[in-house]
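Residue numbers (our numbering), protein chains in the order written: chain A, 114 to 873; chain B, 42 to 170. Ideal Cβ positions, reconstructed from N, Cα and C, are used throughout, including at glycine. First comes the structure, then the notes that go with it.
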């Protein structure tokens with residue numbers, strides 16, 4: 114039973130006055146709902162904080178709308194339109210693919226089809242309860258099939274041929290295991306008897322339904338408006354092909370060895386590696402290389418540039434051996450766009466830049482759909498820019514680790530505390546999609562994530578499955594404090610930074626991060642580096658920032674890609690040979706392993722997660738440097754900084770970074786203050802662990818700490834880093850009167866002035 | 042000898058995990074004293090100071106138990122009303138124990154601590170039989 118009755122999304126994270134956003138709403142019970150534009154000032158309902166704050170805003174789109182239940186197509190597949198019926202056969206034909214099933218016992222999963230599921234018309238190559246079948250049907254309810262007598266081993270490549278011979282009246286399935294030393298879960302030492310050939314007699318002639326050919330699914334029915342796909346496949350498919358005429362056993366054997374057979378009768382050959390280049394394969398396009406023009410398109414962003422049936426393990430980058438990366442990994446629970454029908458558009462009024470949301474209410478049920486209003490394009494209306502980390506919001510979107518990962522409570526250092534949003538996300542996971550912290554149902558880590566779906570984990574009033582406000586509601590605390598303290602600021606997002614680069618930053622005297630800007634594209638890293646090197650001032654009020662190498666989809670800017678792996682504080686690891694990103698061809702993993710550690714730009718590098726309890730920062734020697742006296746104005750250098758807060762009771766917590774020259778901290782950096790007093794659940798990150806040993810956690814390990822740092826950059830620039838995700842959640846403590854707020858304000862005032870800063 | 046049917050080959054590591062759970066669980070139970078239970082009751086989230094090494098070790102085991110059936114705090118009304126829930130398979134509705142209500146999150150957390158210890162005790166009894 115759904116826990117959430119109304120939900121929605123908008124088409125992109127931000128817009129400037131005069132621009133339009135489209136909103137998509139779905140309700141469980143059809144009936145009217147109210148839409149109201151609001152500005153969100155604070156999203157945390159913690160009783161010791163300032164409480165939830167919203168202000169209703171006049172807008173042309175405010176009003177009543179008829180609500181409807183909108184359906185979501187989950188799961189990834191390839192759709193090949195076949196308007197001339199080239200792939201529907203009444204005479205002999207054959208299909209072939211290399212297949213590696215990752216969850217073979219999840220019921221029925223279709224690998225290749227031109228099949229109307231409502232009438233049983235056409236043909237399909239499918240996996241049913243672990244065994245392959247080749248099926249034909251004439252649409253009258255009669256079907257014929259050849260079913261394998263050898264169930265598939267999980268994560269093992271097979272060469273599979275299905276054929277219909279009209280002359281002999283037979284359907285045949287050829288299944289040949291093609292395990293080599295690298296392409297499958299186990300290797301050649303296993304004496305596998307998983308090859309078989311099954312033939313069945315039939316007097317049926319398959320029909321040719323008016324549906325597209327689908328790879329990794331089957332059409333529910335013929336539908337001129339939209340093809341809905343069912344029985345989605347979980348696993349890898351490589352080099353699917355279709356022939357006119359029936360292939361024999363010898364031809365099936367030759368196919369399993371990568372040879373070409375019957376080229377004159379080839380009707381289609383989809384080469385998933387076609388288009389791989391130095392910049393990856395950043396497209397949904399699928400190419401038919403047979404010459405028959407039956408090209409297609411991916412839907413719901415399957416995993417591209419995956420190791421294929423012939424991968425040898427000698428090259429680990431698809432650019433160096435594209436012919437070994439002909440596989441796509443499909444999942445029944447991929448989602449890159451809910452693709453709902455738009456309910457209404459909002460033309461952004463002449464609003465102050467900031468954090469806004471469309472509030473939709475139906476009876477007692479409500480949802481807030483957040484977005485960000487920019488200043489007019491190309492302008493700044495303040496000297497201060499707050500950069501909302503939308504790439505990171507997308508990476509975490511709808512995460513469900515507390516209900517799926519046995520390690521979550523141990524990582525967090527506390528028992529999970531979750532609410533209806535979390536239960537809804539887990540119960541109806543296919544409709545909401547997953548985050549890069551989750552696993553697909555077939556065990557693969559999620560490498561793509563999208564804005565275009567209801568992101569219930571990015572909502573005001575929501576705490577988070579990790580046990581404290583996380584990202585968006587925490588970042589609203591910064592916005593609330595800035596407003597309460599009288600600072601005027603503009604808001605932009607990672608998406609503007611990805612689009613404009615450093616030109617965005619150059620319009621401001623100071624740029625402030627949100628609490629957890631973890632996911633960074635190369636262009637974003639470049640922008641920060643250039644901004645700071647040329648007189649810009651930055652405030653990193655966060656922990657674990659600029660960490661995961663991230664790519665943005667060039668055709669779908671609302672989609673990001675991450676390839677976790679090798680090392681890092683991570684939910685999953687890319688499999689061997691799959692660490693490079695499909696969307697830009699670059700190596701994934703953490704920026705530190707690409708020589709672009711956050712320490713080079715922000716002076717600190719991620720060192721520990723610490724989600725159980727926070728602590729304070731203690732002033733270090735540099736705190737007494739007279740050149741830094743301005744930072745301690747109104748505070749003093751002899752008291753703890755932030756021994757209070759709404760998250761864990763301190764300003765140092767959740768995730769923290771440290772000063773580290775070896776990682777790239779500038780040599781002129783001042784170590785202002787450090788946290789001391791870590792609990793045993795503060796654990797050193799894996800990339801710092803060489804020989805593992807006992808004592809790699811707080812309070813024993815000296816690298817388990819957060820550091821407040823300051824340094825000057827070229828042309829009068831400077832950087833201040835508080836190095837803790839919990840910092841922002843201490844700003845509003847004691848009605849905004851506290852030394853975290855005081856220090857933050859001291860830095861902002863100094864950084865916001867015109868002209869170069871004095872070098873320290 | 043040739044391997045034909047994947048269903049014939051189960052994950053034998055499961056034998057070890059069950060062995061580990063039994064034996065480690067028994068050791069964890071030995072570490073539980075009235076003082077330890079009171080330490081957790083009075084300070085489940087370490088806001089009043091860090092847990093002792095002994096409690097930390099017990100909690101590591103409890104927090105790392107298998108995911109299905111694991112207890113969680115269900116936030117019915119934030120800062121007002123809580124229950125204990127049990128994690129189910131993805132796609133299935135979670136089970137909530139609405140018979141017991143807690144006014145604070147920390148009370149619910151302590152009850153999870155007790156419930157998990159009870160589960161280990163039951164597991165130990167089953168083993169004894």
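Taking a cut-off of 8 Å for Cβ pairs, the segment 832 to 842 of chain A and the segment 652 to 669 of chain A touch, as three or more such pairs fall below it.
Distance between residue 481(A) and residue 700(A), taken at the CA atoms: about 36 Å. If you look at residue 693(A), you'll find it isn't in any beta strand (DSSP E); DSSP assigns it neither H nor E.
With fewer than 16 other CB atoms across the displayed protein chains lying within 10 angstroms of its CB, residue 803(A) is exposed. Residue 815(A): not part of any alpha helix (DSSP H); DSSP gives it neither H nor E.
Chain-ordered listing is empty here: chain B has no CB closer than 9 Å to the CB of residue 851(A), the nearest sitting near 18 Å. Here residue 88(B) is exposed. Its C-beta has fewer than 16 other C-beta atoms within 10 Å. Secondary structure in the segment 565 to 612 of chain A: the alpha helix (DSSP H) runs of 4 residues or longer, each lying completely within the stretch, are 585 to 597 in chain order.
In this structure, the straight-line span from the alpha carbon of residue 603(A) to that of residue 616(A) is close to 15 Å.
Among the CB atoms of chain A, one or more fall inside 8 Å of the CB of residue 113(B).
Think of a sphere of 8 Å around the beta carbon of residue 821(A): no beta carbon from chain B falls inside it, the nearest being about 22 Å out. Residue burial annotation: residue 149(A) is buried, with at least 16 other C-beta atoms found within 10 angstroms of its C-beta. For chain A, the residues of the segment 88 to 104 of chain B that bring a beta carbon within less than 7 Å of one of its beta carbons are 88, 91, 97, 101, 104, in chain order. Minimum Cα-Cα distance from residue 530(A) among the listed residues 48(B), 46(B), 85(B), 47(B) corresponds to 85(B). For residue 539(A), the enclosing alpha helix (DSSP H) has its first and last residue at 533 to 540.
Counting along the chain, the unbroken beta strand (DSSP E) around residue 728(A) starts and ends at 718 to 728. In the displayed model, residue 276(A) falls within a strand according to three-state DSSP.
In this structure, 216(A) is the residue among 216(A), 231(A), 384(A), 233(A) with its C-alpha nearest to the C-alpha of residue 245(A). Comparing C-alpha distances from residue 82(B) to each of 164(B), 161(B), 153(B) shows the shortest one belongs to 153(B). Beta-carbon to beta-carbon, residue 787(A) and residue 756(A) are separated by about 14 Å, too far to satisfy the 8 Å threshold.
Bridge pairing for residue 209(A): 274(A), 354(A) [DSSP].
By the C-beta density criterion, residue 743(A) is exposed, having fewer than 16 other C-beta atoms within 10 angstroms. Burial state of residue 567(A) is buried, judged by a 10 Å Cβ sphere holding 16 or more other Cβ atoms. Unbroken beta strand (DSSP E) stretches of 3 residues or longer found wholly inside the segment 398 to 426 of chain A: 409 to 412, 416 to 419, given in chain order.
Beta-bridge analysis with DSSP links residue 239(A) to 223(A), 246(A).
Between residue 415(A) and the set 265(A), 860(A), 192(A), the nearest pair of CA atoms involves 192(A). Taking every protein chain shown into account, the CB of residue 572(A) has 16 or more other CB atoms within 10 angstroms, so this residue is buried. Rounded to the nearest angstrom, the gap between the Cα atoms of residue 419(A) and residue 676(A) is 12 Å.
Restricting attention to 601(A), 502(A), 388(A), 637(A), the CA atom closest to the CA of residue 585(A) is found in 502(A). One Cα belongs to residue 457(A), the other to residue 225(A), and the distance between them is close to 38 Å. Contacts between residue 46(B) and chain A, judged by CB atoms closer than 7 Å, involve 264 in chain order. Taking 9 Å as the cut-off between beta carbons, the residues of the segment 143 to 162 of chain B near chain A are 146, 149, 150, 153, 154, 157, in sequence order.
In this structure, 362(A) is the residue among 518(A), 362(A), 357(A) with its C-alpha nearest to the C-alpha of residue 289(A). Using a Cβ-Cβ distance cut-off of 8 Å, the segment 273 to 283 of chain A and the segment 295 to 303 of chain A are not in contact, since fewer than three pairs of beta carbons, one from each stretch, lie closer than that value. Here residue 113(B) is buried: its Cβ has 16 or more other Cβ atoms, across all protein chains shown, within 10 Å. In the DSSP assignment, residue 797(A) forms a beta bridge with 721(A).
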